[in-house]
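*Asks:*
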Amino acid sequence: MAEEEERKRVLVVGGSGYLGQHLLAALASACHGLDVAFTYNREAPPKPLLDALPSLRAFRADLRSGQGLDAISATFGEPHVIVNCAAISVPRACEMDPDAAMATNVPSSLVNWLLSFGSCHTLLIHLSTDQVYEGVKSFYKEEDETLPVNMYGKSKVAAEKFIVEKCSNYAILRSSIIYGPQTISPVTKSLPIQWMDSVLSQGQQVEFFDDEFRCPVYVKDMVDVILSLAKTSLSDGKRIQVLLNVGGPDRVSRLQMAESVADVRGYSHSIIKSVSASSVDRGVASPSDISMDISKLIQMLGIKPISFQDGVRATLDTESST
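If you're matching positions, the sequence shown starts at 7 in this note's numbering and goes up one per residue.
1) What does the Cβ neighbour count give for Tyr146, buried or exposed, with the cut at 16 atoms within 10 Å?
2) In three-state DSSP terms, what is Glu140?
3) Taking Ser280 as part of the alpha helix (DSSP H), name the residues at either end of that continuous run.
4) How would you write the range of the beta strand (DSSP E) that Asp150 sits in, first residue to last?
5) Taking the alpha carbon of Asn251 as the reference point, which residue from Lys172, Arg220, Arg271 and Ser174 has its own alpha carbon closest?
6) Since I believe Leu69 is in contact with Ala92 (beta carbons under 8 angstroms), could you give me their beta-carbon distance rounded to a whole number of angstroms?
7) Are the beta-carbon atoms belonging to Leu121 and Lys167 less than 8 angstroms from one another?
8) With 16 other CB atoms within 10 Å as the buried threshold, where does Ser276 fall?
9) Whose C-beta lies closer than 6 angstroms to the C-beta of Arg23 among residues of the same chain, with five residues either side of it excluded?
10) With DSSP collapsed to three states, give me the class of Arg271.
11) Below 8 angstroms, can you find three or more Cβ-Cβ pairs linking the segment 97–111 to the segment 55–64?
12) Return the bridge partner residues of Met298 from the DSSP annotation.
13) Only counting the same chain, and skipping five residues up and downstream in sequence, which positions put a Cβ closer than 7 angstroms to that of Ala99?
14) Would Leu30 and Val42 qualify as a contact pair, given that the criterion is a beta-carbon distance under 8 angstroms?
15) Given this structure, state the Cα-to-Cα distance separating Val117 from Leu249, to the nearest angstrom.
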């Protein structure tokens with residue numbers, strides 16, 4: 007009798023965060039025959055997540071020191087795909103503690119652990135950011151020079167370089183603002199659409215920047231991109247070395263984002279006040295236009311992210327029904 011084929015293993019590093027939880031939910035429901043685990047770096051894994059998705063394995067791991075990673079390969083096995091969602095992603099926090107930003111955002115311990123497997127078969131899918139770009143033009147392409155204006159962007163550029171240098175099987179995803187519904191175990195950070203809805207619903211005038219542009223991406227599109235790359239790797243085992251911009255199709259300012267929320271909810275535009283980003287000191291430099299060209303993503307994976315307006319509607323519809 008032939009030996010049963012080895013089950014494929016996927017590890018989501020930073021799985022208790024916003025994108026991580028959405029990804030784990032999708033992996034648990036869409037990919038039968040997979041063993042899925044995640045890492046967290048707090049006292050205990052989020053109980054609502056484990057209650058909702060009981061098949062998940064949870065491991066405590068410290069990315070800075072690498073502590074806890076060996077226990078994963080010892081008990082779960084060497085993963086076939088690792089998705090790294092862990093980061094200090096608040097630019098101001100990175101600016102205040104550059105050493106912590108570099109130690110966390112450059113995944114040296116994770117990559118060294120991966121390389122210790124010796125096989126080079128494991129695909130590393132790493133989340134980077136649009137903040138690697140300088141922000142002086144519209145619709146950056148992947149091959150454009152990276153000249154980040156803040157520590158967060160610098161730490162992410164260093165991470166990209168480290169992975170390209172060390173790994174032979176990787177996908178680096180430069181993500182814009184990720185938005186969408188709340189997670190199974192609610193995250194504490196402010197979610198952009200929900201925050202805008204909350205402040206606009208009070209009917210008081212609120213200020214929004216009109217001169218900083220991004221291409222926000224709906225969380226389920228982000229998840230679909232990761233699943234597509236993971237499934238391809240798991241099915242044919244071919245190595246890939248790819249860098250992709252992952253944003254939505256629309257270049258929007260915070261002001262335009264707020265107007266979309268107002269349109270979906272029926273709030274008056276008169277309470278949305280346009281201001282320049284230069285009018286506020288946020289304690290960190292912020293690029294003014296890091297909108298991205300996503301034609302390479304669409305061409306390579308055949309995934310067309312939904313429009314910002316449709317994503318806002320889907321987000322608020324989901325929030326209303328929960």
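The beta carbon of each residue, even a glycine, is placed where N, CA and C say it ideally should be.
*Replies:* The answer reads as follows:
1) By one-based count along the sequence shown, residue 146 stands at place 140. Under this definition Tyr146 is a buried residue.
2) As a first step, residue 140 is located in the sequence shown; it is residue number 134 there, counting from the start. In this structure, Glu140 counts as coil in the three-state DSSP scheme.
3) The count along the sequence shown starts at 1 and reaches residue 280 at position 274. Per DSSP, Ser280 belongs to no alpha helix (DSSP H); it is in the beta strand (DSSP E), Ile278 to Val281.
4) As a working note, residue 150 is residue 144 in the sequence shown. Where Asp150 is concerned, there is no enclosing beta strand (DSSP E), given that its DSSP letter is neither H nor E.
5) As a working note, residue 251 is residue 245 in the sequence shown. The candidate whose alpha carbon is nearest that of Asn251 is Arg220.
6) Translated into the one-based positions of the sequence shown, residue 92 becomes position 86. Translated into the one-based positions of the sequence shown, residue 69 becomes position 63. Confirmed, Cβ separation roughly 5 angstroms.
7) Position 115 of the sequence shown, counted from the first residue, corresponds to residue 121. Position 161 of the sequence shown, counted from the first residue, corresponds to residue 167. Not closer than 8 angstroms, so no.
8) By 1-based counting over the sequence shown, the position of residue 276 is 270. Exposed, because fewer than 16 other Cβ atoms sit within 10 Å of the Cβ of Ser276.
9) By one-based count along the sequence shown, residue 23 stands at place 17. Note on identity: in this sequence residue 23 is Gly, with Arg being the wrong assignment. Cβ within range, chain order: Cys91.
10) What you label residue 271 is simply residue 265 of the sequence shown in a count that begins at 1. It is helical.
11) no
12) Position 292 of the sequence shown, counted from the first residue, corresponds to residue 298. DSSP lists Tyr146 as partners of Met298.
13) What you label residue 99 is simply residue 93 of the sequence shown in a count that begins at 1. Correct list: empty, nothing qualifies.
14) For the purposes of this step, residue 30 is taken as residue 24 along the sequence shown, with counting starting at 1. For the purposes of this step, residue 42 is taken as residue 36 along the sequence shown, with counting starting at 1. In contact: Leu30 and Val42 (Cβ atoms closer than 8 angstroms).
15) In the sequence shown, counting from the first residue as 1, residue 117 sits at position 111. In the sequence shown, counting from the first residue as 1, residue 249 sits at position 243. C-alpha separation (whole angstroms): 17 angstroms.
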